[in-house]
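K.L.:
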Amino acid sequence: MFTAPETQQALHELLVREGRAITEHVQRLAATLTPQELAWLPPDKGWSIAQVFEHMCIVHDSYLERIEEFLEGESLPQREGGKDAPWSPRFAGAFLVRALTSPRKVPAPRKYRVGPRIRAHVIAAFLERQKRLDDALARAEPLEWRACRLGSPMASVIRLNLGDAFLVAAVHARRHLGQVERLRVRDGDSSDE
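When the letters of the sequence shown are read in order and numbered with our numbering, they come out as residues 2 to 194.
Have a look at this one:
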């Protein structure tokens with residue numbers, strides 16, 4: 002069970018570490034995955050590794066759109082005197098993190114499902130989005146995240162705070178990197194047969 006930090010600074014530090022770890026993990030994958038591994042489709046009609054990265058790009062795009070638009074706004078709530086602030090997720094943020102850290106399979110919402118067509122250089126495209134997310138995290142550091150409210154990419158009526166948005170993006174990427182690793186093992190097993 003994932004437990005979110007109780008202060009904004011602790012969450013920020015966790016997210017910086019996670020962003021770095023996600024980038025390094027993906028760079029290692031990019032250096033070793035073959036085109037055949039990227040395209041291999043599991044027999045259970047699941048996604049290929051390339052499709053998983055396409056899905057991750059689509060999800061990152063939806064969160065980046067909300068986060069970057071918010072950060073372009075005026076009169077953003079700053080942390081008082083740059084001091085650390087308590088942090089807690091909103092109900093929807095906690096729900097999403099819990100769902101994404103659960104070992105149970107969760108079907109992708111319709112708007113995040115991918116088809117057979119994948120953009121060229123999908124792993125590089127994901128890394129570019131991860132860099133934008135890391136840059137947005139650095140820009141957001143002086144803000145008071147609990148007071149920064151934005152609509153969820155799923156539905157604007159679902160409200161997240163800024164910390165929720167960053168955390169959901171990180172745990173989502175981690176979840177799917179685990180899926181990529183499982184697909185690599187399965188592909189390796191199938192090629193031995």
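Even for Gly, the Cβ is constructed at its ideal location relative to N, Cα and C.
Identify, in the order they occur along the chain, each residue of the same chain with its Cβ nearer than 6 Å to the Cβ of Glu-194, setting aside the five sequence neighbours on each side.
P.N.:
Translated into positions along the sequence shown, residue 194 becomes position 193. Reliability of the predicted coordinates at Glu-194 is poor, the pLDDT of 36 falling under 50, and no value is obtained from them.
K.L.:
Whole angstroms is fine: what's the gap from Gly-74's alpha carbon to Arg-130's?
P.N.:
What you label residue 74 is simply residue 73 of the sequence shown in a count that begins at 1. What you label residue 130 is simply residue 129 of the sequence shown in a count that begins at 1. Straight-line Cα distance between these residues: approximately 21 Å.
K.L.:
Using the rule of at least 16 other Cβ atoms within 10 Å of the residue's Cβ for burial, across every protein chain shown, is Asp-85 buried or exposed?
P.N.:
Your numbering for residue 85 matches position 84 in the sequence shown. Result: exposed.
K.L.:
Distance, Cα to Cα, Pro-154 vs Gln-37?
P.N.:
Position 153 of the sequence shown, counted from the start, is the residue given in the question as residue 154. Position 36 of the sequence shown, counted from the start, is the residue given in the question as residue 37. Rounded to the nearest angstrom, the two C-alpha atoms are 33 Å apart.
K.L.:
If you run the structure through DSSP and keep just helix, strand and coil, what is Gly-152?
P.N.:
Taking the sequence shown and counting its residues from 1, the one referred to as residue 152 is at position 151. Of the three classes helix, strand and coil, the one that applies to Gly-152 here is strand, per DSSP.
K.L.:
Which value, in whole angstroms, describes the spacing of the CA atoms of Ile-23 and His-177?
P.N.:
What you label residue 23 is simply residue 22 of the sequence shown in a count that begins at 1. What you label residue 177 is simply residue 176 of the sequence shown in a count that begins at 1. Spanning the two alpha carbons is a distance of roughly 10 Å.
K.L.:
Relative to the alpha-carbon of Lys-112, which residue among Arg-29, Val-27 and Tyr-64 has its alpha-carbon at the smallest distance?
P.N.:
For the purposes of this step, residue 112 is identified with residue 111 of the sequence shown, where counting begins at 1. That would be Tyr-64, whose Cα lies nearest to the Cα of Lys-112.
K.L.:
Only counting the same chain, and skipping five residues up and downstream in sequence, which positions put a Cβ closer than 6 Å to that of Ile-68?
P.N.:
Position 67 of the sequence shown, counted from the start, is the residue given in the question as residue 68. The residues are Ala-137 and Ala-166.
K.L.:
Does the separation of the CB atoms of Phe-127 and Val-27 fall below 8 Å?
P.N.:
The residue labelled residue 127 in the question sits at position 126 within the sequence shown. The residue labelled residue 27 in the question sits at position 26 within the sequence shown. Yes.
K.L.:
Quick one: what's Arg-160 bridged to in DSSP?
P.N.:
Translated into the one-based positions of the sequence shown, residue 160 becomes position 159. Answer by DSSP bridge pairing, in chain order: Gly-152.
K.L.:
Check each candidate in Ile-159, Ala-125 and Gly-164 and name the one with the smallest Cα separation from Pro-143.
P.N.:
As a working note, residue 143 is residue 142 in the sequence shown. Taking only the C-alpha atoms, the option nearest Pro-143 is Gly-164.
K.L.:
Return the chain-ordered list of same chain residues with a C-beta closer than 7 Å to the C-beta of Gln-52, the five sequence neighbours on each side being excluded.
P.N.:
As a position in the sequence shown, residue 52 is number 51, starting the count at 1. Contacts found: Val-115 and Ile-119.
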